[in-house]
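Inspection log for the structure reproduced underneath, given as structure tokens.
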Amino acid sequence: CFNISGAQFRAPGSYPAPAFDPSTNRLYVAYTDIVNGKAQILLTFANVSDIAKWSTPAIVAPASGDRINVELSVEPSSGRLDMMTNDRSYSGNALFDVSYITSGDGGQTWTTTRVTKSSWDPAAYGVPCSSCANGIRPFIGDYDGIVSLPGAAVMAWTGPGKTYGTYPTNLEVYFGAVSP
3 CFNISGAQFR
13 APGSYPAPAF
23 DPSTNRLYVA
33 YTDIVNGKAQ
43 ILLTFANVSD
53 IAKWSTPAIV
63 APASGDRINV
73 ELSVEPSSGR
83 LDMMTNDRSY
93 SGNALFDVSY
103 ITSGDGGQTW
113 TTTRVTKSSW
123 DPAAYGVPCS
133 SCANGIRPFI
143 GDYDGIVSLP
153 GAAVMAWTGP
163 GKTYGTYPTN
173 LEVYFGAVSP
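Residue numbers (the working numbering): 3 to 182.
And the structure:
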């Protein structure tokens, strides 16, 4: 875990997200790190025939806000790279949205699409915590995931909801699909 600007919340932040591309025999790893004061996604890869030799990590689709909790998947027949991330680029680096980021050329170019319809404050929601100041322990990102299909990328993530529980412990699971 690491701290990013703004309110206090817990997030996994910088864990590695690996994915294998059978069309190129590459193992890709995406992760988040602080670059010039912002949490950015980095991508590196190695050919499975020389797994000790990794590419220089490159920033994926540079953003104006923090991007954390990256998840990575590869569509096996085309090699299309698909990522999802919690993204603060749509709100002046204040609130979170989910973004879909894709590349059809091995990471040379990227396209970013906002998936969520509205932004939310991850510091305002969480799990009950009797020893915490607001009665909650804010956290996000633990249950995010993405799967690449030939015509779409399918995602799941947690965010605030209205169906179960009461504010501020009403985190729910959301699903979305994006066509590349």
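Glycine included, C-beta positions come from ideal geometry on N, C-alpha and C.
Would you mind reading off the limits of the beta strand (DSSP E) that contains residue i?
i       : result
Trp-159 : 154 to 162
Phe-98  : Taken as a continuous stretch (DSSP letters only), Phe-98 belongs to no beta strand (DSSP E), as it is neither H nor E.
Tyr-17  : Careful: Tyr-17 lies outside any beta strand (DSSP E) and carries neither H nor E.
Thr-46  : 40 to 49
Asp-35  : 28 to 37
Arg-90  : Neither: Arg-90 is in no beta strand (DSSP E) and is coded neither H nor E.
Pro-140 : 138 to 140
Glu-222 : Outside the modelled stretch of the chain, which goes from 3 to 182, sits residue 222, for which no answer is possible.
Arg-116 : 113 to 116
Gly-147 : 147 to 151
Val-129 : 128 to 130
Have a look at residue i and residue j and give me their C-alpha separation to the nearest angstrom.
i       : j       : result
Arg-116 : Asp-107 : 21 angstroms
Thr-111 : Ala-21  : 18 angstroms
Ala-135 : Gly-153 : 46 angstroms
Gln-42  : Tyr-17  : 13 angstroms
Ala-96  : Arg-28  : 35 angstroms
Val-180 : Ser-101 : 10 angstroms
Ala-60  : Ser-93  : 24 angstroms
Cys-3   : Ile-142 : Only weak support is given to the placement of Cys-3: the predicted model assigns it a pLDDT of 45, under 50, and the value that follows is read from those uncertain coordinates. Their Cα atoms are separated by approximately 11 angstroms.
Val-62  : Val-50  : 22 angstroms
Pro-162 : Glu-174 : 6 angstroms
Ser-150 : Phe-177 : 14 angstroms
Met-85  : Thr-118 : 14 angstroms
Ser-133 : Trp-122 : 24 angstroms
Ala-48  : Lys-164 : 43 angstroms
Asp-23  : Gly-39  : 31 angstroms
Thr-58  : Thr-168 : 46 angstroms
Ala-54  : Gly-109 : 20 angstroms
Pro-124 : Pro-140 : 7 angstroms
Ala-19  : Asn-172 : 27 angstroms
Going by CA-CA distance only, name the one from the options that's closest to residue i.
i       : options                              : result
Val-156 : Ser-133, Val-76, Gln-110 and Pro-124 : Val-76
Trp-56  : Leu-45, Ala-63 and Val-62            : Leu-45
Tyr-33  : Gly-39, Asn-71 and Gly-163           : Asn-71
Tyr-220 : Lys-164, Trp-159, Asp-35 and Pro-170 : Absent from the structure is residue 220, since the part of the chain shown begins at 3 and ends at 182.
Phe-98  : Pro-78, Ser-120, Thr-113 and Arg-82  : Ser-120
Glu-73  : Pro-140, Pro-124, Val-31 and Asn-172 : Val-31
Thr-113 : Ala-19, Arg-82 and Pro-78            : Arg-82
My assumption, with CB atoms under 8 angstroms, is that residue i sits in contact with residue j. Please give the rounded CB distance.
i       : j       : result
Thr-87  : Pro-182 : Not confirmed; about 16 angstroms, so no contact.
Ser-25  : Ser-80  : 7 angstroms
Pro-170 : Ile-138 : 5 angstroms
Let me see if you follow: with CB-CB separation under 7 angstroms, is residue i close to chain B or not?
i       : result
Asn-136 : Of the protein chains in this structure there is only one, and it is not chain B.
Just checking, does the region 58 to 68 make contact with the region 119 to 131 on the three C-beta pairs under 8 angstroms criterion? Flag = no, the region 58 to 68 and the region 119 to 131 do not touch.
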